[in-house]
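*Asks:*
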Amino acid sequence: MRRSYILVNCQQIFPSRKGSHYIHKAVEATQTNTLSSHGEDIHDANLWLRVIRWTQYLQDFTTPEDFNLLRALVETPLPDSNDPVEQGVRRIWEAIEGVVRKSQWTVQHTGQAIRVEAVRSEKGQTPYRPLQAYMDADNVVKHVQPWQQIVVFIARTQLAQEGKRPVYRITPRQRKKWRQL
């Protein structure tokens, strides 16, 4: 039987007054549905996850033990580990935090001209507001943690040879930069 209708996602931006009507919501930009290699319906959190093919790299991770392994790959490294890989991961973790702390300190102790240059994202662009140093020392740790987790995930999957790991390849340029790190 043919459908005589289509589903449309709408969103009301303003609850009342001018502009309080419903507008069409672009589903592709916020959530995409795909089928995994096992035929399961997968809901991506955003389109970027689909672009980087995360389902392809993690398709073999299906059990609770696999999910525990993935969580372990992004855990904060222990300071007293004897494992050389974990010692290196710990140094990387601390270096990232140090860079962010130094960046925050620099922004807090420089003039407006330097902060305007720091926020510039393209050559020739003139930002209207300078970079703001809005984080205190405790919040820096909280906000830098996702970046630390990404880098230690890469470190642990690139350096450790034993155990189950997500299968992905880094480009030659990425490999060169990784070795420099």
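The numbering used here numbers the first residue of the sequence shown as 27 and each following residue consecutively.
We put the beta carbon where it would ideally sit given N, CA and C, even for glycine.
1. Quick check: the stretch 149-166 against the stretch 99-118, are there 3 or more CB pairs under 8 Å?
2. Pick from Trp119, Arg97, Ile78: whose alpha carbon is nearest that of Lys168?
3. What is the C-beta distance between Val170 and Val100, in whole angstroms, given that I count them as a contact (C-beta under 8 Å)?
4. Is the beta carbon of Ile122 closer than 8 Å to that of Gln200?
5. Starting from the C-beta of Leu185, find all residues in its chain whose C-beta is less than 6 Å away, skip the five residues before and the five after it, and write them out in chain order.
6. Measure the C-alpha to C-alpha separation of Trp131 and Ile176 and round it to an integer number of angstroms.
*Replies:* Put simply:
1. no
2. Translated into positions along the sequence shown, residue 168 becomes position 142. If you compare the alpha carbons of Trp119, Arg97, Ile78 with that of Lys168, the shortest gap goes to Trp119.
3. Stepping through the sequence shown from its first residue, residue 170 is reached at position 144. Stepping through the sequence shown from its first residue, residue 100 is reached at position 74. Not quite, the Cβ-Cβ distance comes to about 13 Å (not below 8 Å), so this is no contact.
4. The residue you call residue 200 lines up with position 174 of the sequence shown. The residue you call residue 122 lines up with position 96 of the sequence shown. Not a contact, by the Cβ cut-off of 8 Å.
5. Taking the first residue of the sequence shown as 1, we reach residue 185 at position 159. Counting only Cβ-Cβ distances below 6 Å, and skipping sequence neighbours, we find Val111.
6. Against the sequence shown, residue 131 aligns to sequence position 105. Against the sequence shown, residue 176 aligns to sequence position 150. Cα to Cα, the separation comes out at about 24 Å.
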